[in-house]
Amino acid sequence: MDFIIAFFVFIVVAWIVLKLLGLIFHAGIFMLTLPFKLLGLVIALILTPLILIPMGLLAGLTAILMLPLAIIGPALPFVLIGLGIWAILRKN
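The opening residue of the sequence shown carries number 1480 in the working numbering; numbering runs sequentially from there.
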């Protein structure tokens, strides 16, 4: 709960600071936030290849490794029943 309150206080303070900067420099809010937008773009361009692509490759590799289990999974009850019958017949 404290985090949410602190987050909203931060947003309000940032909004007030940007409004005051706009009044001081006679600039619009969009002109003042342009450096932040460019910084966000640069961070997104850096993090996408470094984080999202390896995560996608890892998810694809996991899917390939789990594919045999997904294919054999629905037949597993029949296999277990068959092995149980085979074990009973082998014992006799």
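Backbone N, C-alpha and C define an ideal beta-carbon position, used for all residues, glycine too.
Problem - Enclosing alpha helix (DSSP H) for Pro1553 [first to last residue] - result: Per DSSP, Pro1553 belongs to no alpha helix (DSSP H) and is neither H nor E.
Problem - Distance, Trp1494 Cα to Leu1500 Cα - result: 10 Å
Practice task
Determine the contact status of Leu1517 and Leu1497, defining contact as a CB-CB distance below 9 Å.
Solution key: no
Problem - Ile1483 to Val1492 span [Cα, whole Å] - result: 14 Å
Problem - Which of helix, strand or coil DSSP assigns to Gly1519 - result: helix
Problem - Residues near Pro1547 in its chain [Cβ-Cβ closer than 6 Å; skip 5 each side] - result: none
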